Ligand code: G3H
Ligand code: 13P
Ligand code: NA
Ligand code: ZN
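Residue numbers (UniProt numbering): 13 to 333.
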């Protein structure tokens, strides 16, 4: 059924795994994710960004998620607002059927972040909805703010207790070196392996460990956690695309984070890559086809396979419904 993340996170924290939070923008994405989660008996979070709402419309997205809940009654599904940037946007999602919202005031001062987060928490909790907040800034595009790689700021562990105490938020996104999009690191920050493939700098697990120490039992969230599978990047580039040096977070780092207090891992870019790689391939191999169902079917299947892989081999949430 449609639930908050409260119980999911408590179980994930104690069980040493994480819940995947996948961004949804259309029917095929919702179906691909929830078919995988349903078959693997995994709890899942479907998240909607401001941009997704602008693209697909709030009502369509809520109804698609309701359909997925009806089709997969055996698994817990949460409907979450990703990167809410104002009280009004959060309120609109709380009033409109979401079970969880993120207020991302991480680009504001510590005091302003606390004030806005607290305001959202008060409204959300009064309506049975949980709140994710963020401290620290990720590199990449966030909230129409583009932070250049190397100019991100890691979460300061000495601030997390005061932030959580003063805001009452239910989970906290922290910055430990992940970043949004398909180009998470500049080539200059990386080394290259024997095959010429970029190897990213390691995540700051020391920062994560410090945060965990100061917030025992409290669920931590990682944004910008796509792995940017080279299989999809190659497919894009082989069939007419141009994505040189696209790079993500190594799966073994995410697996390690999932074993710790990280309870929610956000994935969007990998969905985009799975769909685009497969649609490009389909078009190249079937230049005469023009029925959208023909190319959206393998795209949806690729999302399902990718999500199934994450659930089983990265998140560890299979069978935890
Ligand atoms: O964090 C950003 C998510 O990938 C959502 O992206 O704002 O383009 O929908 P979007
Ligand atoms: P990716 O771009 O790494 O998929 O991150 C998605 C995200 O953090 C959504 O909030
Ligand atoms: Na975990
Ligand atoms: Zn994010």
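Positions of the beta carbon are idealized from the N, C-alpha and C atoms, including for glycine. Since this is a predicted model, take the numbers as computed values, not measurements.
CB of residue i within 8 Å of CB of residue j, strictly
i: residue 227; j: residue 272; result: no
i: residue 60; j: residue 34; result: no
i: residue 283; j: residue 237; result: no
i: residue 246; j: residue 142; result: no
i: residue 50; j: residue 86; result: yes
i: residue 275; j: residue 24; result: yes
i: residue 112; j: residue 92; result: yes
i: residue 144; j: residue 209; result: no
i: residue 287; j: residue 314; result: yes
i: residue 181; j: residue 129; result: yes
i: residue 327; j: residue 45; result: no
i: residue 223; j: residue 179; result: no
i: residue 54; j: residue 316; result: no
i: residue 187; j: residue 164; result: yes
i: residue 323; j: residue 52; result: yes
i: residue 253; j: residue 196; result: no
i: residue 132; j: residue 80; result: no
Heavy atom of the ligand ZN within 7 Å of residue i beta-carbon
i: residue 236; result: yes
i: residue 282; result: no
i: residue 94; result: yes
i: residue 125; result: no
i: residue 278; result: yes
Euclidean distance between Cα positions of residue i and residue j
i: residue 36; j: residue 173; result: 32 Å
i: residue 89; j: residue 138; result: 21 Å
i: residue 155; j: residue 293; result: Low local confidence applies: a pLDDT of 47 at residue 155 is under 50, so the model's placement there is unreliable, with the coordinate-based value given in what follows. When rounded, the distance between both Cα atoms is 32 Å.
i: residue 308; j: residue 38; result: 11 Å
i: residue 211; j: residue 267; result: 17 Å
i: residue 40; j: residue 102; result: 25 Å
i: residue 169; j: residue 216; result: 12 Å
i: residue 281; j: residue 248; result: 13 Å
i: residue 72; j: residue 318; result: 24 Å
i: residue 185; j: residue 235; result: 7 Å
i: residue 16; j: residue 302; result: 40 Å
i: residue 190; j: residue 183; result: 17 Å
i: residue 22; j: residue 296; result: 46 Å
i: residue 66; j: residue 29; result: 32 Å
i: residue 289; j: residue 134; result: 43 Å
i: residue 199; j: residue 126; result: 35 Å
i: residue 305; j: residue 74; result: 22 Å
i: residue 312; j: residue 78; result: 18 Å
i: residue 62; j: residue 192; result: 15 Å
Residue i: CB within 7 Å of a non-hydrogen atom of the ligand 13P
i: residue 317; result: no
i: residue 232; result: no
i: residue 35; result: yes
i: residue 38; result: no
Proximity test, residue i beta-carbon vs the ligand G3H heavy atom, cut-off 7 Å
i: residue 64; result: yes
i: residue 54; result: no
i: residue 61; result: yes
Nearest-angstrom beta carbon gap, residue j and residue i [assumed within contact, 8 Å]
i: residue 175; j: residue 147; result: 6 Å
i: residue 70; j: residue 108; result: 6 Å
i: residue 240; j: residue 269; result: Between residue 269 and residue 240 the Cβ distance is about 16 Å, and since that is not below 8 Å, they are no contact.
i: residue 171; j: residue 122; result: 6 Å
i: residue 213; j: residue 201; result: 5 Å
Residue i CB to nearest heavy atom of the ligand MN below 7 Å
i: residue 191; result: The ligand MN is absent from the structure shown, which contains only the ligand G3H, the ligand 13P, the ligand NA and the ligand ZN.
Cβ-heavy atom distance, residue i to the ligand NA, below 7 Å
i: residue 195; result: no
i: residue 28; result: yes
i: residue 24; result: yes
i: residue 271; result: yes
**OP:** May I have a chain-ordered list of the beta strand (DSSP E) segments no shorter than 3 residues that lie completely inside the region 197-284?
**Re:** 232-234, 274-279
Original post:
Mind pulling the beta strand (DSSP E) runs of 3 or more residues that sit fully within the region 37-92?
Top reply: 56-61
Subject >> Complete beta strand (DSSP E) runs within the region 108-194 (minimum length 3 residues, chain order) >> reply: 112-115, 142-147, 152-154, 157-159, 183-186
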